Every structure is written in structure tokens, then in C-alpha cells.
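If you read the sequence shown in the numbering used here, its first letter stands for residue 24, the second for the next number, and so on.
Here a beta-carbon is modelled for each residue, glycine too, at the ideal position from N, C-alpha and C.
Here the structure is a predicted model, which is why all the values come from computation and not from measurement.
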Amino acid sequence: MMKVPFSLLSAKVLDKRASSFIWVGDSLKHFFPFLELNLKRANFEANVRKYISMCVLNDLYFFIFITSILTFGMFVFDIANYYLVGPVLGIILTSFVFFQQLNYPKIVANRRIKDIERNLLPALRNILVQINSGVPLFDVFASISYSNYGEISNVFNKFVKEVNAGTSQVDALEEIADRNPSLYFRRAIWQLVNGIKAGADISTVLKEVIDSLSQEQLIQIQTYGAQLNPLAMFYMLLAVIVPSLSTTFVIVISSFISLTESATKNLFIALFIFVLFVQIMFLGIIRTKRPNLLGGT
24 MMKVPFSLLS AKVLDKRASS FIWVGDSLKH FFPFLELNLK RANFEANVRK
74 YISMCVLNDL YFFIFITSIL TFGMFVFDIA NYYLVGPVLG IILTSFVFFQ
124 QLNYPKIVAN RRIKDIERNL LPALRNILVQ INSGVPLFDV FASISYSNYG
174 EISNVFNKFV KEVNAGTSQV DALEEIADRN PSLYFRRAIW QLVNGIKAGA
224 DISTVLKEVI DSLSQEQLIQ IQTYGAQLNP LAMFYMLLAV IVPSLSTTFV
274 IVISSFISLT ESATKNLFIA LFIFVLFVQI MFLGIIRTKR PNLLGGT
């Protein structure tokens, strides 16, 4: 069952009651043209109007809940015009939640992209080894579906189910490629499909795909290294040089202007918090810039 973020209702209840708001989804879906693609690539089993109707229903409950809490809190603390400020803040917060919910499929799709591309090269190499060993193509994909390749294993598990249900291998491959958010995965599957249709040697096609992805991985690593050089200099400046100079400056200034002990301690605490913030910020920047094809976590 698909979950909606910031939901106050269970997924089952939300899915059942959202049918009353389908007309809202029909009215709003034209304003979000990319939502259908994001839902498809996030692997959500819902169309655009159904997802929007679920968000609207949830946000109606959220608005009532958050407005009641804010208005009651302002009443308790005797804040002027609490009966107006509460609903206005409720509308602002509900609008923020609504747009976050609409952006959620894109976030899930991006997570899938990272997981797929992290395991893509190892999975393709595994497929190539098994094909060179004489294992039939369907059995190879079935083996991948039971292996530990994260989202790639889930994708091929659906492929196996579709083929077992009567779909041809080519059609099933085209379907998983069409629904996949990763450009590299789609490119690999499309090349494989073209090779099957043309009657080419699958091992040769796979080898070309792996060589192409390996070259792309090398380019990403070089780009990543080039990005790290200025980041390292910036890190040294903010996390090493500035704190060192600031510490010396605080010690010297405190002796000239006779800062109290508590004020000096507060300055050093603030400096420590600043350094900690810079450390966390740089860890986040380095992690977000890490190439997906590089693998690892």
C-alpha cells in the first residue's frame, strides 16, 4: 500500500476515502505535468488524480489538526487575534506539506536512481559471467532477482513475474526500462533489447554496455576529484584556519577588554558550534556530489 508523507491516516483508510476527492485530482493534475512521470518512476501504484486526491484528503485533516493546536496554544498564551492567526498559520503549514507531498515521488525516484546505479555495474558483470557460462537469459535474470543488488533485484523480480504471467521477455524488458528512473539502466536494457531483436550475441552486447558504463564511471570519478579540490581548500579555510585564528583573537581580545569568564566561555562554545556545523555541512556536500556509479554507500 502506497504511503503519503505527513499522513495522519493509515494508508488503507486514506486510499479508501480518497475516492470522494477524485474530482479535486482531476482539476489539479494539469498544474503538475511531471507528477505522472515521477509517480511511475518512483514505482507508486497510483495515477496522478488518485495521488492528488489522497494528498488533499490528508491535508484537510492536517489543516484541522494543526489549526486547532495553534489556535488553542495562542488562546492559552493570550496572543491577540489568535482566532485569525491560527488559521492563517494552518493554511501556510498545510500548503507547505501539500507541495512536499507532491515532491515526494521525485525524492523516492532519486533514491531509486542512486540505489540502481550503485549496483548496476556489478549486476551487469554477474549477468555477463552467467551468460558466458551457458545459463539461459531468463534464468540469469531470475538469479539476479534473488541476489543482493537492492532495487535492481526488485526490478528483475517484477520482470520474472511478468514473464511467468505470459509476457514475452522483450516486452517485459521494455516495460521495466520504461518505468525505471535511471538513465544508465534504461540505456543498458534498451541495448540488450535491441540485441535480442537483432539476434546478436548477448554477451557481446553486454560487454559493450559494461565498457561504456566503466568509461562513464571513470569520467564521473575524475569530475568528482576535480570538485573535491576546491571543496578541500574551502574546508581547510572554514574548519581549520578560521577557528584557529578566532581562538587566538578571542584570547587576545579578552585580555584587552576584560571579558568576563562566562562571556569568554560563550564565545568558545559558539566557535565550537560553528566548527561542528561546518563539519556536518561538508559531509553532506561530499555525500551529495558522490557519483552514483562509483558504488558504496
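Cβ atoms of residue j and residue i: under 8 angstroms apart, would you say?
| i | j | result |
| --- | --- | --- |
| residue 233 | residue 144 | yes |
| residue 116 | residue 81 | no |
| residue 79 | residue 99 | no |
| residue 204 | residue 146 | no |
| residue 313 | residue 258 | no |
| residue 17 | residue 113 | Since the first residue of the chain shown is 24 and the last is 320, residue 17 is not available in this structure. |
| residue 68 | residue 315 | no |
| residue 41 | residue 73 | yes |
| residue 61 | residue 129 | yes |
Note down, in chain order, each residue of its chain lying with its Cβ closer than 8 angstroms to the Cβ of residue i, except the 5 sequence neighbours on either side.
| i | result |
| --- | --- |
| residue 200 | 208, 209, 212, 213, 216 |
| residue 225 | 154, 160, 215, 218, 219 |
What residues in its chain sit with their C-beta under 6 angstroms from that of residue i, if we drop five residues either side in the sequence?
| i | result |
| --- | --- |
| residue 110 | 90 |
| residue 273 | 290 |
| residue 195 | 182, 185, 186 |
So, with DSSP's three-state summary, where would you put residue i?
| i | result |
| --- | --- |
| residue 172 | coil |
| residue 132 | helix |
| residue 186 | helix |
| residue 109 | helix |
| residue 145 | helix |
| residue 223 | coil |
| residue 117 | helix |
| residue 210 | helix |
I think residue i touches residue j, with their Cβ atoms under 8 angstroms apart; what is that distance to the nearest whole Å?
| i | j | result |
| --- | --- | --- |
| residue 298 | residue 266 | 5 angstroms |
| residue 135 | residue 198 | Their Cβ separation, rounded to whole angstroms, is 16 angstroms, which puts residue 135 and residue 198 out of contact at 8 angstroms. |
| residue 309 | residue 254 | 7 angstroms |
| residue 88 | residue 31 | 6 angstroms |
| residue 124 | residue 29 | 7 angstroms |
For residue i, collect the residues of the same chain with a Cβ closer than 7 angstroms to its Cβ; drop the 5 residues on either side in sequence, then sort them by chain order.
| i | result |
| --- | --- |
| residue 25 | 34, 67, 68, 69 |
| residue 51 | 75 |
| residue 277 | 287 |
- [ ] Starting from the N-terminal side, write out each stretch of the beta strand (DSSP E) that is 3 residues or longer and does not extend beyond the segment 29 to 100.
- [x] The segment 29 to 100 is shown to contain no whole beta strand (DSSP E) run of 3 or more residues.
Task: In chain order, each alpha helix (DSSP H) run of at least 4 residues that lies wholly inside the segment 243 to 281 - done: Taking only runs of at least 4 residues, the alpha helix (DSSP H) segments lying wholly in the segment 243 to 281 are 265 to 280.
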